[in-house]
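Numbering-wise, the sequence shown is residues 587 to 872 according to my numbering. Note that beta-carbon positions come from the ideal geometry of N, C-alpha and C, so glycine has one too. Here the structure is a predicted model, which means the values were calculated and not measured. Inspection log for the structure reproduced underneath, given as structure tokens.
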Amino acid sequence: MKDDIRAKYFEDFTRFTCASDGFDDAEGIIFGIPYDKTVCFRPGARFGPEAMRKASWGLETYSPVLKKDLVDCKLCDLQDISLFGDTEAIFNDIAAVSGEIVKHGKKLIAFGGEHSITYPIIRGIKDVIGDIAVLQFDAHCDLRDEYLGDKFSHACVMRRCLETTDDVYQFGIRSGEREEWKFAKNISMQLMKKEDVDKIAEIGKPVYVTIDIDVLDPAFAPGVGTPEPCGFSTEELLSSLYNLQKIRDSIIGFDVVELSPVYDSGNITAMAAAKIVREMILMLFG
Ligand code: MN
Ligand code: MN
């Protein structure tokens, strides 16, 4: 088919909406990580990236809150990373891709997959740009040293991140075993407030944001592997995230993880995840 006909009449709905630029031209690089090997309760997060992309086409590209439009952002969607070999091999590939993205001065946007994928992303970024701060939004501490014999379980991901950087800040956390709460340094059951962002700004490090969608209440996000009651509404989470505008230039990238469309109802969770991605992108660019 002639390319001009393709461009006029056809659309590639397998990528995130508006992410039609090539790697070289883009300021933000999206990639999916369809990995859910260590999910302990209900698997299915491997279908998360696909569901987020599909849901994105149901959203307006314009944010009336931020008064910005995705059509003005230069975005490339690399699609999903190939998962070959054992955990170590997969994590090395995720770290390599993450490093490559930031090495080229681009911001990284990753779609999980289960939460364990954040660790190799952090490692890959740190290898290139040095020490960073990590902000986590989650229902769970994810601070176990190991879980079911696996140090790279999603239940251990922030523990692994804490071995990589001292600056891990946890928000919205409402579940974890006693030892995890004892071990945690910067942990809050509340969402991030303006004052928290002021403190993070003072640290002066590049910032990575990881959003485990189960930080939302199961009523707002039923499509997750480990639902935890007494969470936040989508609006409450977004209101908290908007505080990041103040430090947008230091934000090196973000991920949205743990969406498991298998348990979703009416695409509620996928739509919430896609909207969070849109608002995060619009905060970082334009
Ligand atoms: Mn998590
Ligand atoms: Mn969680």
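Mapping the DSSP letters down to three states, classify residue i as helix, strand or coil.
| i | result |
| --- | --- |
| Y705 | helix |
| S761 | strand |
| C659 | coil |
| A641 | helix |
| G634 | helix |
| L694 | strand |
| Y733 | strand |
| I862 | helix |
| F723 | strand |
| L598 | Residue 598 is actually Asp in this sequence, not Leu. Of the three classes helix, strand and coil, the one that applies to D598 here is coil, per DSSP. |
| F884 | Limits of the chain in this structure are 587 at one end and 872 at the other, which puts residue 884 out of reach. |
| K588 | coil |
| S825 | helix |
How about residue i and residue j: do their beta carbons lie closer than 8 Å?
| i | j | result |
| --- | --- | --- |
| K660 | L868 | no |
| F617 | I676 | no |
| L568 | V795 | The question about residue 568 has no answer, for the chain in this structure spans 587 to 872. |
| I838 | I718 | yes |
| K832 | V783 | yes |
| S684 | G710 | yes |
| P847 | A858 | no |
| K791 | T750 | no |
| K689 | A612 | no |
| A631 | E732 | no |
| L669 | Y705 | no |
| S739 | T603 | no |
| A696 | I707 | yes |
| L827 | M866 | yes |
| G698 | V863 | no |
| I759 | I703 | no |
If I measure Cβ to Cβ from residue i and keep anything under 8 Å in the same chain, skipping five residues before and after, which residues do I get?
| i | result |
| --- | --- |
| D800 | D724, A725, H726, A807, V810, G811, T812, P813, E814, G817, E844 |
Contact criterion: CB-CB distance below 8 Å. Does residue i meet it with respect to chain B?
| i | result |
| --- | --- |
| R764 | Chain labels in this structure do not include chain B; a single protein chain is all it has. |
Report all residues from its chain with a CB closer than 6 Å to the CB of residue i; omit the five preceding and five following residues, and keep chain order.
| i | result |
| --- | --- |
| S761 | A725, H726, E814 |
| D663 | R601, F602, A605, I616 |
Which residues in the same chain have their Cβ closer than 7 Å to the Cβ of residue i, if we skip the five residues on either side of it in sequence?
| i | result |
| --- | --- |
| Y648 | D655 |
| G772 | The identity of residue 772 in the sequence shown is Asn, whereas the question assumes Gly. So the list reads V754, Y755, Q756, once near-sequence residues are dropped. |
Assess, as a yes-or-no matter, whether the stretch 595-611 is touched by the stretch 659-679 under the definition of 3 or more beta carbon pairs within less than 8 Å. yes
Run the Cβ filter for me: residues under 7 Å from any heavy atom of ligand 1, listed in the order they occur in the chain. H701, D724, H726, D728, H740, V743, D798, D800, V843, E844
Does the count of Cβ pairs from the stretch 676-687 and the stretch 627-647 closer than 8 Å reach three? no
Assess contact between the stretch 774-784 and the stretch 741-750, defined as three or more Cβ pairs (one per stretch) separated by less than 8 Å. Is contact present? no
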